[in-house]
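Trainee:
Residue numbers (this note's numbering), protein chains in the order written: chain S, 1 to 250; chain V, 251 to 500.
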């Protein structure tokens, strides 16, 4: 936990927050702070900085925020489209997305997605939230990624959801991660793009129709490399390669 | 399981193997093959290809290998040096290393490594093996990475262990992943290097002495990006960025 994320429901007063859950336990047992020490905090979807420990007891910690500052959102804005994975994998993707500053995560149906995954409690925002907060806490970020579940494949693209909404006067570089002989990311990446949307397939990959369809709506296929990766590794690998290209063109 | 890994102890006859563990269960319940079908197999540290199902029963599957071929080792050869992580993280790193074709993994002491981690049963080769095989199975590779545990920091480098053994007439590009303002990987990478050794720090990072010492023995610092990653994500990110640079310079 590199940043203690504070929410409205922790607030007890102007700038004062009371914690009595795993965060209080972390402050007591891992950080081992005493009254008067400071810890790093961030307000959910808000600024981050230091908070001073006002009070520590066996079951609660009270903090008062000092010098909080807005942290600029990472550029380019990254949206992820993932074929809805099994719940255990989804947990990892929620953590990774928040940790690596993804702006929105769209979980869609695909041919090789098991229908039962759409019945998982983890498709509910309330159940996703602890994993997102864990990721923010690790990555020292505060902005909660937007997570949407779309239970059909074509309509997601055709109806222009989320990052694909062209009426919203936005344009996003559309990238499609495939496992075949596609070119490497540098050949399809545009360093000047302010927004990038990457689609990552299910275990077993996209079926040919899905790849053709996404290409017909402007997604450019690329290969992460010679590996056969699990979905959670493909997410980290794709974001890491984009970050390298961003740094190279700065 | 994209490849069923077969070992000498499964062998019952020339080219014939009998499985009665989770692999047999996978062949029966996930692949749902019948006698006469083929499955993808690899011999541990050997060739890979197809095997024909000879016999399926409630508790065993017998396979006969056909047309196995050697798969060339990935280039460049990659060695990883990781500060020994907590056991749960080590499991993930073992899987990832095998999945992504790492040649050797050196687990070393560092200032921010808890001493108790060296007492973990997972420092024993026998306990590591299932995770390595899981990774090979996922990545469709057969070559078991070499894993070594070194319980001291400086001697590991000074005594020239593993990839650092210069008497063995080898040279390896030495890279050091840091979390500070180091340059991006492209500025320190050498596309012509046949062997690359990457050092990845503990949770909390290397201490300044460690960074200075590694630099003094030729490790070039680089930054994976703006993130604060967990060790397992840093491993995937570093390997992915190397793979992108390799593809770009092919």
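Every residue, glycine too, gets a C-beta built ideally from N, C-alpha and C. Because the structure is a prediction, the values reported are computed rather than measured.
Can you round the beta-carbon distance between residue 219 (chain S) and residue 175 (chain S) to whole angstroms, since I take them to be within the 8 Å contact cut?
Mentor: 7 Å
Trainee: What first and last residue would you give for the alpha helix (DSSP H) that runs through residue 341 (chain V)?
Mentor: 337 to 349
Trainee: On the CB-based measure, 16 or more other CB atoms within 10 Å of its CB, does residue 346 (chain V) come out buried or exposed?
Mentor: buried
Trainee: Kindly indicate which three-state DSSP category residue 261 (chain V) falls into: helix, strand or coil?
Mentor: strand
Trainee: Quick one: which residues of the segment 294 to 326 of chain V get their C-beta closer than 7 Å to a C-beta of chain S? List them in chain order.
Mentor: 324
Trainee: Flag residue 227 (chain S) as yes if its beta-carbon sits less than 8 Å from any beta-carbon of chain V, otherwise no.
Mentor: yes
Trainee: Helix, strand or coil for residue 288 (chain V), going by three-state DSSP, please let me know.
Mentor: strand
Trainee: Going by DSSP, which residues form a beta bridge with residue 479 (chain V)?
Mentor: Paired residues: none, contrary to the question.
Trainee: Please classify residue 295 (chain V): is it buried, with 16 or more other beta-carbons within 10 angstroms of its beta-carbon, or exposed?
Mentor: exposed
Trainee: By DSSP, does residue 400 (chain V) sit in helix, in strand, or in coil?
Mentor: strand
Trainee: Indicate whether residue 359 (chain V) and residue 340 (chain V) have their beta-carbon atoms separated by less than 8 Å.
Mentor: No, they are not a contact pair.
Trainee: With DSSP run on the structure shown, which of helix, strand or coil describes residue 54 (chain S)?
Mentor: strand
Trainee: Give me the DSSP bridge partner(s) of residue 221 (chain S).
Mentor: According to DSSP, which records beta bridges pairwise, residue 221 (chain S) is partnered with S:176.
Trainee: Please classify residue 139 (chain S): does DSSP put it in a helix, a strand, or coil?
Mentor: helix
Trainee: Quick check on residue 117 (chain S): buried or exposed, where buried means 16 or more other Cβ atoms within 10 Å of its Cβ?
Mentor: buried
Trainee: Does the Cβ-Cβ distance between residue 331 (chain V) and residue 447 (chain V) come in under 8 Å?
Mentor: yes
Trainee: Taking residue 281 (chain S) as the query, report the chain V residues whose CB atoms sit under 8 Å from its CB, ordered along the chain.
Mentor: Because chain S here runs from 1 to 250, residue 281 (chain S) falls outside it and cannot be looked at.
Trainee: Could you spell out the range, first to last residue, of the alpha helix (DSSP H) harbouring residue 268 (chain V)?
Mentor: That residue, residue 268 (chain V), is in no alpha helix (DSSP H); its beta strand (DSSP E) goes 266 to 269.
Trainee: Rounded to whole angstroms, what's the CA-CA distance from residue 401 (chain V) to residue 486 (chain V)? Just pull it up for me.
Mentor: 24 Å
Trainee: Spell out the partners DSSP gives residue 77 (chain S) in its beta bridges.
Mentor: Beta-bridge partners assigned by DSSP to residue 77 (chain S): S:195.
Trainee: Going by alpha carbons, who is nearest to residue 26 (chain S) out of S:164, S:11, S:4, S:76?
Mentor: S:4
Trainee: What three-state label does DSSP hand residue 333 (chain V) in the structure shown?
Mentor: strand
Trainee: To the nearest angstrom, report how far apart residue 370 (chain V) and residue 383 (chain V) are at their CA atoms.
Mentor: 20 Å
Trainee: Short of 6 Å in beta carbon distance, which residues of its chain neighbour residue 41 (chain S), apart from the five on each side in sequence? Order them along the chain.
Mentor: 4, 6, 51
Trainee: Cα separation between residue 86 (chain S) and residue 177 (chain S)?
Mentor: 19 Å
Trainee: Tell me which same chain residues have a C-beta within less than 6 Å of the C-beta of residue 156 (chain S), skipping the five on either side of it?
Mentor: Shown here for residue 156 (chain S): same chain residues with a beta carbon closer than 6 Å to its own, the five before and five after excluded, namely 108, 150 in chain order.
Trainee: Just by C-beta distance, which residues in the segment 273 to 284 of chain V are closer than 8 Å to chain S?
Mentor: none
Trainee: To the nearest angstrom, report how far apart residue 388 (chain V) and residue 59 (chain S) are at their CA atoms.
Mentor: 44 Å
Trainee: In terms of alpha-carbon separation, which member of V:318, V:411, V:496 lies closest to residue 391 (chain V)?
Mentor: V:318
Trainee: My output table needs one value for residue 120 (chain S): the three-state DSSP class, helix, strand or coil.
Mentor: coil
Trainee: I want to see whether chain S comes within less than 8 Å of residue 389 (chain V), judged by CB atoms only; does it?
Mentor: yes
Trainee: By DSSP, does residue 353 (chain V) sit in helix, in strand, or in coil?
Mentor: coil
Trainee: Do you know how far the Cα of residue 106 (chain S) is from the Cα of residue 124 (chain S)?
Mentor: 13 Å
Trainee: Step through the CB atoms of chain S and report whether any lies within less than 8 Å of the CB of residue 392 (chain V).
Mentor: no
Trainee: Taking only three categories from DSSP, how would you classify residue 162 (chain S)?
Mentor: helix
Trainee: Starting from residue 440 (chain V), trace the alpha helix (DSSP H) both ways and give me its first and last residue.
Mentor: It is not in any alpha helix (DSSP H) - residue 440 (chain V) carries neither H nor E in the DSSP assignment.
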